[in-house]
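Asks: Numbering (my numbering), first residue to last: 34 to 317.
Can you keep this structure in mind? I'll have questions shortly.
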Ligand code: A2P
């Protein structure tokens, strides 16, 4: 998730070892750009989640100047790894003066983070009715829950086509997603689990808004002009055939939600599956 909190501390110190419950150990860290990184950590044996859900993670906050006590500093992060993975993966922005990510960006293998083992979320297969084509719409780090769902066999068992769109400002911000999709396409285990043909179901549509790339512009504008449907050779979305999941910045989520309603799609929930779902972590 993008860090949304107001600026309160500029400390970019190393995370310390925690004497708190819910601590997990970092196993790998990859820096993708000066604004983006991903990391993996141990998974509590008791943690069960559905691909697409999020959890609260973080570090201990700075000591209170009066009492010296430290409180956990937690944010909602989509789990980027699939439900079957032994470890957990997260994909994060680095906000240089953000309370959490100014420090989280300095974690190293062996460090500990806090992970509250209570997964929740709306971007799950259970919240959608059966359909033919699944659209996954992401901007920026909103790609994270789809990194989980794209590695989830059910995604390909349930749909004939899986279209993943990812809009970022600059081309290098697409790298995490592009590499992940390449890995999924070449994963012998996935082919074994769901059959070689699953690779043909994945349609990847990356776009950039502030730097030239193969496709320029916001996905919303490219849908309005019809360009994305022409490029992919599919008709515009319809409630009969299409299902969608939305995860990006708040303005994007709201704009695309309104567009999907115009196509006739209705928002679903865990308790009432329908045609599309929107990430709710930002709004809680
Ligand atoms: P733009 O560069 O035109 O603002 P951010 O890094 O600010 O979270 O944005 C990630 C991407 O989402 C950017 O490419 C940005 O485009 C795009 N974006 C922001 N708001 C919207 C929106 N309402 N609809 C579609 N795309 C959006």
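Ideal Cβ positions, reconstructed from N, Cα and C, are used throughout, including at glycine.
Please name the residue, chosen from 208, 275, 188, 87, that lies closest to residue 239 on a Cα-to-Cα basis.
Replies: Looking at the Cα atoms, 208 is the closest of the given residues.
Asks: Can you pull every residue whose C-beta falls closer than 7 Å to some heavy atom of the ligand A2P, listed in chain order?
Replies: Qualifying residues, in the order they occur: 35, 172, 173, 200, 201, 202, 241, 242, 243, 251, 252, 253, 281, 282, 284, 285, 288, 289.
Asks: Which parts of the stretch 162-192 are runs of the beta strand (DSSP E), unbroken and 3 residues or longer, counting only runs that do not cross its ends?
Replies: List check, beta strand (DSSP E) in window: 166-172.
Asks: Closest to residue 120 by CA distance: which of 139, 60, 196 is it?
Replies: It is 60.
Asks: Give, in chain order, every unbroken run of the alpha helix (DSSP H) that is at least 4 residues long and sits entirely within the stretch 264-303.
Replies: Taking only runs of at least 4 residues, the alpha helix (DSSP H) segments lying wholly in the stretch 264-303 are 283-295.
Asks: Which runs of the alpha helix (DSSP H), 4 residues or longer, sit entirely within the stretch 178-262?
Replies: As far as the stretch 178-262 is concerned, its whole alpha helix (DSSP H) runs of at least 4 residues are 186-191, 208-218, 221-227, 252-257.
Asks: Mind checking whether residue 72 and residue 62 have CB atoms under 8 Å apart?
Replies: Yes. Within cutoff.
Asks: For residue 142, which residues in the same chain have their Cβ closer than 7 Å to its Cβ, ignoring the five residues on either side in sequence?
Replies: Contacts found: 59, 60, 61, 62.
Asks: Do you know offhand how far residue 202's Cα is from residue 173's?
Replies: Roughly 8 Å separates the two Cα atoms.
Asks: Here's a check: name, in chain order, each residue in its chain whose Cβ is nearer than 6 Å to the Cβ of residue 301, leaving out the five neighbours to either side.
Replies: Taken in chain order, the residues that qualify are 160, 161, 307, 310.
Asks: Could you give the residue range of the beta strand (DSSP E) that holds residue 108?
Replies: Segment 105-111, the beta strand (DSSP E) holding residue 108.
Asks: Among 151, 180, 116, whose alpha-carbon lies nearest the alpha-carbon of residue 107?
Replies: Nearest of 151, 180, 116 to residue 107, Cα basis: 151.
Asks: Taking only the alpha-carbon atoms, compute the straight-line gap between residue 235 and residue 196 and give it to the nearest angstrom.
Replies: Rounded to the nearest angstrom, the two C-alpha atoms are 6 Å apart.
Asks: Going by other Cβ atoms of all chains shown within 10 Å of its Cβ, with 16 needed for buried, is residue 64 buried or exposed?
Replies: Per the 10 Å Cβ criterion, exposed.
Asks: In whole angstroms, what separates the C-alpha of residue 112 from that of residue 199?
Replies: Distance between the alpha carbons of residue 112 and residue 199: 17 Å.
Asks: Kindly list the residues whose CB is nearer than 6 Å to the CB of residue 270, restricted to its own chain and excluding five residues on each side of it in sequence; keep chain order.
Replies: So the list reads 296, once near-sequence residues are dropped.
Asks: On a Cα-Cα basis, can you pick out the residue from 66, 183, 313, 157 that is closest to residue 219?
Replies: Closest option to residue 219, Cα to Cα, is 183.
Asks: Give the straight-line distance between the Cα atoms of residue 105 and residue 263, rounded to the nearest whole angstrom.
Replies: The straight-line gap from Cα to Cα measures roughly 48 Å.
Asks: Note the first and the last residue of the continuous alpha helix (DSSP H) segment covering residue 136.
Replies: Segment 134-137, the alpha helix (DSSP H) holding residue 136.
Asks: Looking at C-alpha atoms only, which residue of 180, 299, 68 is the closest neighbour of residue 137?
Replies: For the residues 180, 299, 68, the minimum Cα distance to residue 137 belongs to 68.
Asks: For the beta strand (DSSP E) that contains residue 61, what are its first and last residues?
Replies: Start and end: 56-64.
Asks: Figure out for me which residue from 276, 214, 266, 280 has the closest Cα to the Cα of residue 298.
Replies: The shortest Cα separation from residue 298 among 276, 214, 266, 280 belongs to 276.
Asks: Secondary structure at residue 305, three-state DSSP: helix, strand or coil?
Replies: Strand, per DSSP.
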